[in-house]
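Counting from 1, one number per residue, gives the positions in the sequence shown under the numbering used here.
Cβ coordinates follow ideal geometry from the N, Cα and C atoms, glycine included.
If you're wondering where the values come from, they're calculated on a predicted model, not measured in any experiment.
Written out below as structure tokens is the structure these notes cover.
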Amino acid sequence: MAQPSGRPSLWHWVTHVRKTFRLLGSLVADRRVPFIRKVLFFLFVIVFGVVLIIPDSIIIAAIALGANVAAPLVGIPIGVIDVALLATVLYGLLNFFPH
């Protein structure tokens, strides 16, 4: 049995993409999965794919632009948006820990 190398080969990535699309096709055909979960799964796959392709500097610029647009709409100062996001994430993490 051959030892796996530290880096996946190009063929591994090609088959991985094919397997991902097969999984997405099976998900669409499965009637047991609710529609909203299908949509959320597709969105996550698309977002993670885009994040892997686009350089970090463009992503950071888009987040900064989004924060500058969203902060006045939500009604919080731009300097407090990181604290508000942290509080939201911490509140969500409370569901994972027992009382």
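| Asked | Found |
| --- | --- |
| C-alpha distance - residue 93 paired with residue 14, whole-angstrom precision | 36 Å |
| Test item: CB-CB of residue 28 and residue 19 under 8 Å | no |
| 8 Å contact criterion, which residue 24 and residue 42 should meet: CB distance rounded | 7 Å |
| C-beta contact flag for residue 84 and residue 78 at 8 Å | no |
| Reduced DSSP category for residue 39 - H, G, I as helix; E, B as strand; rest coil | helix |
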